[in-house]
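Under the working numbering, the first residue of the sequence shown carries the number 207, and numbering increases by one thereafter.
Notes to accompany the following structure.
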Amino acid sequence: MTTTDWIWTALAGIDFAAAGVCAALWALSEHVIRSLSSVDAEGRAVWPRVSIVVAARNEERNIEEGVRSLLALDYPALQMTVVNDRSTDGTAAILARLAAEDPRLNVVEIDQLPNGWLGKNNALHVGAFRSDGEWLLFTDADVIFAPDTLRKAVTFAEGERLDHLAATPRVVTPSFWLRAFVPVFSMCFVLYVKAWAVRSKDKSAFVGIGAFNLVRASAYRSIGGHEKLRLRPDDDVKLGKVLKDAGFQPDFVIASEHLAVEWYTSVWELIRGLEKNTFAGADYRKGLVLFANAFLMIVYVLPFAAMFMTPWPANLMFAIAAAVYVVFAGRACLSNGQPSWLGILFPLGVVLFAGIQLRTMILNLWQGGIRWRDTFYPLDELRKNVV
């Protein structure tokens, strides 16, 4: 073997081993994470009061449909707080009309953003402290709920003596690139939060989902609400970390049959939407972003090209690694209500994900911060809120 052949074989061995480790962790996560559809919520007579908390800013196009769908849940002890965060369109008028129709809806108006807060985080904080439920459900108005979702979630949370339950929705993917991206994001998210260990005492394993974070109100208030997350664009995930750090018990369920959300409508909207939080996920560390991108390209993308251009046994190891990723991407697609053959798009999704991370870092550094909902947040301030 030539020196080049030895180098390729070494790289193939690294990728082969990495694929094995990833496969084991993904398989373990599939085994330990429950499905919400398996929960039996029938026969219960008394239900704890649940307050749904939603932040809204200039949402006149969708807010009525979203609020009505949440109020239509068949949960018997439901209250809802919608925080109108400095909207300049017709959101306030729509919410006032809906509140007049349904006494379960409480509308909170915010006219000014306090210093040192992201708008949404402040709105959720204020809304939660204006709610009186034993449980708080943080969600978005554009998430579609099956009628029995909340009954199943509360039954599971109380039966397992949880303080925090996160649930993953089915992500509606209307375009080719979104179908390539979503399974990659899901698979990376599982590794990032250590989903297989969320129930354990390991505090480095935590989870939070913006579409569905159900939190015991007493636990939320004991950590000071969103106070520790004032400037975190990834507040949904880091809420789980703060709760677990404080000793509260979390868990994680798959709810693709009960929750659905159209995350983004196009690849450009996806790219723009992730400008605010992918760099935050790395705690604004340039080195970590560069390392993560190198990992993505060498471990997840290289096998798909190298298996056609390397000698035996490197080509075999690369091919096995690529097959592992396609299989698990296909399983992620099935979990999201998509055909498994879309798993073959895995390398394209990885390239897109790496490009988004790199673009976001460069953009955030170049403009010195992030711009979110017409408000600019300086990077120096954001970096201070490390969780």
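The beta carbon of each residue, even a glycine, is placed where N, CA and C say it ideally should be.
Just so we're clear, the structure is a prediction, and the values are computed from it rather than from any experiment.
Let me check understanding here. Comparing Cα to Cα, which of 432, 275, 343 and 316 lies closest to residue 327?
Along the sequence shown, one-based indexing puts residue 327 at 121. Comparing Cα positions, the closest option is 432.
Apart from the five residues just before and just after residue 232, which ones in its own chain have a Cβ nearer than 7 Å to its Cβ?
Translated into the one-based positions of the sequence shown, residue 232 becomes position 26. Result list for residue 232: 393, 396 and 534, in chain order.
So what's residue 530 in DSSP terms, helix, strand or just coil?
If you number the sequence shown from 1, residue 530 lands on position 324. Looking at residue 530 - three-state DSSP - the assignment turns out to be helix.
Buried or exposed: where does residue 331 fall if 16 or more other Cβ atoms within 10 Å of its Cβ makes it buried?
For the purposes of this step, residue 331 is taken as the residue at position 125 of the sequence shown. Buried.
Residue 285 by DSSP, collapsed to three states: which one?
Within the sequence shown, residue 285 is the residue found at index 79, counting from 1. Looking at residue 285 - three-state DSSP - the assignment turns out to be strand.
Quick check: the Cα distance between residue 236 and residue 299, rounded to an integer number of angstroms?
Within the sequence shown, numbered from 1, the residue matching residue 236 stands at position 30. Within the sequence shown, numbered from 1, the residue matching residue 299 stands at position 93. Roughly 45 Å between the two C-alpha positions.
As a quick exercise: from 451, 382, 216 and 541, pick the residue whose alpha carbon is nearest that of residue 476.
As a first step, residue 476 must be located in the sequence shown, where it is residue number 270. Residue 382 is the option with its Cα nearest to residue 476.
CB contact flag (residue 386, residue 558, <9 Å):
As a working note, residue 386 is residue 180 in the sequence shown. As a working note, residue 558 is residue 352 in the sequence shown. Residue 386 is a Cβ neighbour of residue 558, given a cutoff of 9 Å.
Classification of residue 563 by the beta-carbon crowding that lies within 10 angstroms, buried from 16 upward
To locate residue 563, count along the sequence shown from 1; it is residue 357. Burial call: buried.
Continuous alpha helix (DSSP H) stretch holding residue 572: start and end:
In the sequence shown, residue 572 corresponds to position 366, counting from 1. Segment 552-573, the alpha helix (DSSP H) holding residue 572.
Express the C-alpha separation of residue 242 and residue 377 in angstroms, rounding to a whole number.
If you number the sequence shown from 1, residue 377 lands on position 171. If you number the sequence shown from 1, residue 242 lands on position 36. A straight line joining the alpha-carbon of residue 377 with that of residue 242 spans about 16 Å.
The alpha helix (DSSP H) spanning residue 303 covers which residue range?
Locating residue 303 in the sequence shown gives position 97, where the first residue counts as 1. Residues 297-307.
Residue ranges of each beta strand (DSSP E) run of no fewer than 3 residues wholly in the region 464-517, ordered along the chain?
Those beta strand (DSSP E) runs which fall completely within the region 464-517 and span 3+ residues are 465-467.
Nearest-angstrom Cα distance between residue 501 and residue 388?
Indexing the sequence shown from 1 puts residue 501 at position 295. Indexing the sequence shown from 1 puts residue 388 at position 182. Spanning the two alpha carbons is a distance of roughly 19 Å.
Enumerate in chain order the residues of its own chain whose CB-to-CB distance from residue 222 is below 7 Å, with the five nearest sequence positions on each side excluded.
The count along the sequence shown starts at 1 and reaches residue 222 at position 16. Excluding positions up to five away in sequence, the list reads 523, 526 and 527.
I need the straight-line Cα distance from residue 302 to residue 227, nearest angstrom please.
The residue labelled residue 302 in the question sits at position 96 within the sequence shown. The residue labelled residue 227 in the question sits at position 21 within the sequence shown. Approximately 53 Å, taken between the alpha carbons.
Proximity winner among 581, 588, 555 and 580, relative to residue 571 (alpha-carbon distances):
Numbered from 1 along the sequence shown, position 365 holds the residue referred to as residue 571. It is 588.
Indicate whether at least one CB of chain B lies closer than 9 Å to the CB of residue 326.
The question asks about chain B, but that chain is absent: this structure has only one protein chain.
What is the DSSP secondary structure of residue 547, counted as helix, strand or coil?
For the purposes of this step, residue 547 is identified with residue 341 of the sequence shown, where counting begins at 1. Looking at residue 547 - three-state DSSP - the assignment turns out to be helix.
Using a Cβ-Cβ cutoff of less than 6 Å, which residues in the same chain neighbour residue 265 once the five nearest sequence positions on both sides are dropped?
As a first step, residue 265 must be located in the sequence shown, where it is residue number 59. Closer than 6 Å at the Cβ level, and outside the excluded window around residue 265, lie 297.
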